[in-house]
Each structure stands twice: as structure tokens, then as C-alpha cells.
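Asker:
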Ligand SMILES: [Zn+2]
């Protein structure tokens, strides 16, 4: 777990009297969602969780004293990676119920707005269901966002690989900037995606149910050997700027 020294409300560093005091100014909870899944030879099982957590911590600092950052949800929906040794997955319904319980708990402390900071693509369909259920069942505003998705334009400007998306040039660059200990710098490899899969993706936006080893032999996409700290820095800092502005609006608006 990342240790934090700068000002910010981080639940994992606080006592309950400190939380009670913080709740006088807190308007939103930030919940990082990650995964425990393979990232090719390029990264550790912590990659998605570390990215989500480190982004949330930095947002917590920028939004102080209005944001409370919770510990990350370290397990996500990763069934498609299960054939790679080490991957641990929750079933989608389990993941949804875990997030619903987290939201309910936060609502008991008076939190009325919640943003999931998501680091793992496999969580997305479940997060879409969760934010709507939180609204309808708990009556509180919830949103989810992928820090990578809010900077697609920046990524397209800088990326050299023809395809990205997992354990790739973009993801490993973000890791080099945010949490370099999850990058296996001496083992970086280009993704070995199967040509027929790439050809289908290029032609039509069809989604097949596939195991990840049916897509890429080494578990990676793109070319992580091109990853750089500088690319990671510009992608992450731009994402932080955009997300800070968005969350500021989210917490002052009653409707969205
Ligand atoms: Zn990842």
C-alpha cells in the first residue's frame, strides 16, 4: 500500500475520529477499482490496482478537503485471463455486490457522491450496472471513470504501437510514472497478438467472448518496449487535470 504524507484524506491512513472530523468537509468518496490479473511478462499482478490507487491518491490531494479516498478493490472481473497462472477473478455478480456494499457503507457515514476510479477494462460492464443501481437503490450519485479513457486524444498523439489496451506501451508508460515497481523493466516484450484476431478488430467492432490466450500468446498487446516515463507523465497529469475539473463540477452539482 502506498504511504501518503501530503495532505489528503486517505481512509487507510486514518483513525475514526479523524474520519469524523474529515466528514465535515468531504463531499465525495473516491473508490479505486483494479484487478489481480496477468500483464504479460511486462508487469506484475498489481498493475491495474496500482494505477487506479495512485491516480485516486493524487486526486485526493488535489481535491482536499472534499474527497475521501478508500482502499482499492484489488480483485476485479478477470475471467478472460484465468488461463494465465496467478490470475484471481471475481464473478461479475460478486464484484457488483462488493461495490454495492462499499457504497452502502459509505452512505451510512453521510457520503452522497461517489466516484469509482477504474484501472481495469474487464470491470467496465459491471461498473455501468453499479452506478445505476447505486442511484436507484441507495439514492446517491455515483459515477465511474477510466483515467486512460479521458486522455485517448493524448495517447493517440504519443503512442507508437499500432494497437494498445493491455500490458502495452500506454499502460506500462503510466506505470513507469505512477508506480514503477510494478513494471518488469528487464523483461519487457512486444505483445504477440494473433493476426486473425487483429484483422477482425480492424474490420468490425464485434466483441467475441474469448480467453486472453486466444488473443495474444504472451498475454500483452502493443509494444511495451516503447514505454516511457515521459509519455506516462503527460498521460497521467492530463488525466488528473481533467478528472479534477470533472469531479469538482460533480460535487457542486446536484444533478448530472
Ligand atoms: Zn491492466
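Numbering (this note's numbering), first residue to last: 98 to 353.
Here a beta-carbon is modelled for each residue, glycine too, at the ideal position from N, C-alpha and C.
No experiment lies behind these values; they were computed from the predicted model shown.
1) Find the nearest neighbour of residue 133 within the set 312, 279, 297, judged by alpha-carbon distance.
2) So residue 301 is in the beta strand (DSSP E); what residue range does that whole segment cover?
3) So the candidates are 151, 158, 154, 150; which of them puts its Cα closest to the Cα of residue 104?
4) Among all the DSSP beta bridges, which residues are the ones paired with residue 187?
5) Between residue 203 and residue 285, what straight-line distance do the alpha-carbon atoms span, to the nearest angstrom?
6) Do the segment 119 to 139 and the segment 162 to 172 make contact, defined as three or more Cβ pairs closer than 8 angstroms?
7) With contact counted as at least three CB pairs below 8 angstroms, one residue from each stretch, are the segment 215 to 223 and the segment 176 to 192 in contact?
8) I need the DSSP call for residue 141, collapsed to helix, strand or coil.
9) Here's the rule I'm using: 16 or more other beta-carbon atoms within 10 Å means buried, otherwise exposed. How should residue 113 be labelled?
10) Can you tell me whether residue 297 is buried or exposed? The criterion is at least 16 other CB atoms within 10 Å of its CB, across all chains shown.
11) Against chain C, with Cβ distances strictly below 8 angstroms, would residue 231 count as a contact?
12) Can you tell me which of 294, 332, 314 puts its alpha carbon nearest to the alpha carbon of residue 253?
13) Report the residue from 347, 110, 339, 258 whose alpha carbon sits nearest the alpha carbon of residue 245.
14) Can you tell which of 155, 109, 195, 292 has the C-alpha that lies nearest to the C-alpha of residue 130?
15) Return the CA-CA distance between residue 323 and residue 334, expressed in angstroms with no decimal places.
16) If you compare alpha carbons, which of 176, 205, 213, 207 is closest to residue 169?
17) I'd like to check one pair, residue 309 with residue 136: are the Cβ atoms closer than 8 angstroms?
18) Tell me whether residue 243 is buried or exposed, calling it buried when 16 or more other Cβ atoms sit within 10 Å of its Cβ.
19) If the criterion is Cβ atoms closer than 8 angstroms, does the pair residue 211 and residue 237 meet it?
20) Measure from the alpha carbon of residue 197 to the alpha carbon of each residue in 226, 184, 179, 216, then state which is nearest.
21) Alpha helix (DSSP H) containing residue 273: first to last residue?
22) What's the gap between the Cα of residue 179 and the Cα of residue 263?
23) By alpha-carbon positions, which one of 153, 106, 229, 126 ends up nearest to residue 205?
24) Under a three-way DSSP split, which group does residue 280 fall into?
25) Between the alpha carbons of residue 312 and residue 294, how many angstroms are there, rounded?
Answerer: The relevant details are as follows:
1) Here residue 133 refers to the residue found at position 36 of the chain shown. Checking every option, the nearest Cα to that of residue 133 belongs to 279.
2) In the chain shown, counting from the first residue as 1, residue 301 sits at position 204. Counting along the chain, no beta strand (DSSP E) covers residue 301, and no H or E run does either.
3) Looking up residue 104 in the chain shown gives position 7. With distances taken between Cα atoms, residue 104 lies closest to 158.
4) The residue labelled residue 187 in the question sits at position 90 within the chain shown. As far as DSSP is concerned, residue 187 takes part in no beta bridge.
5) Numbered from 1 along the chain shown, position 106 holds the residue referred to as residue 203. Numbered from 1 along the chain shown, position 188 holds the residue referred to as residue 285. Our two residues, residue 203 and residue 285, have alpha carbons roughly 40 angstroms apart in a direct line.
6) Yes, the segment 119 to 139 touches the segment 162 to 172.
7) The answer is yes - the segment 176 to 192 touches the segment 215 to 223, with three or more Cβ pairs under 8 angstroms.
8) Here residue 141 refers to the residue found at position 44 when the chain shown is read from its first residue. Three-state result, residue 141: coil.
9) Numbered from 1 along the chain shown, position 16 holds the residue referred to as residue 113. Around the Cβ of residue 113, a 10 Å sphere holds fewer than 16 other Cβ atoms; the residue is exposed.
10) Indexing the chain shown from 1 puts residue 297 at position 200. Residue 297 sits exposed, since fewer than 16 C-beta atoms from the chains shown fall within 10 Å of its C-beta.
11) The question asks about chain C, but that chain is absent: this structure has only one protein chain.
12) By one-based count along the chain shown, residue 253 stands at place 156. Looking only at 294, 332, 314, the smallest Cα-Cα distance to residue 253 is reached by 332.
13) Your numbering for residue 245 matches position 148 in the chain shown. Comparing Cα positions, the closest option is 339.
14) Working through the chain shown from its first residue, we reach residue 130 at position 33. Closest option to residue 130, Cα to Cα, is 195.
15) On the chain shown, residue 323 is found 226 positions in, with the first residue counted as 1. On the chain shown, residue 334 is found 237 positions in, with the first residue counted as 1. Cα to Cα, the separation comes out at about 19 angstroms.
16) Here residue 169 is taken as the residue at index 72 of the chain shown, counted from 1. Of the listed residues, the one whose Cα sits closest to residue 169 is 213.
17) Counting from one through the chain shown, the residue named residue 136 turns up at place 39. Counting from one through the chain shown, the residue named residue 309 turns up at place 212. Result no, Cβ atoms of residue 136 and residue 309 do not sit closer than 8 angstroms.
18) Taking the chain shown and counting its residues from 1, one reaches residue 243 at position 146. Buried, because 16 or more other Cβ atoms sit within 10 Å of the Cβ of residue 243.
19) As a first step, residue 211 is located in the chain shown; it is residue number 114 there, counting from the start. As a first step, residue 237 is located in the chain shown; it is residue number 140 there, counting from the start. Yes, the Cβ-Cβ distance between residue 211 and residue 237 is below 8 angstroms.
20) Position 100 of the chain shown holds residue 197. If we check each option's Cα against that of residue 197, 226 comes out closest.
21) As a working note, residue 273 is residue 176 in the chain shown. That run of the alpha helix (DSSP H) goes 266 to 275.
22) Along the chain shown, read from residue 1 onward, the residue named residue 179 stands at position 82. Along the chain shown, read from residue 1 onward, the residue named residue 263 stands at position 166. When rounded, the distance between both Cα atoms is 15 angstroms.
23) As a working note, residue 205 is residue 108 in the chain shown. When only C-alpha atoms are compared, the closest one is 126.
24) Position 183 of the chain shown, counted from the first residue, corresponds to residue 280. Looking at residue 280 - three-state DSSP - the assignment turns out to be strand.
25) Along the chain shown, read from residue 1 onward, the residue named residue 312 stands at position 215. Along the chain shown, read from residue 1 onward, the residue named residue 294 stands at position 197. For residue 312 and residue 294, the gap between their C-alpha atoms comes out near 6 angstroms.
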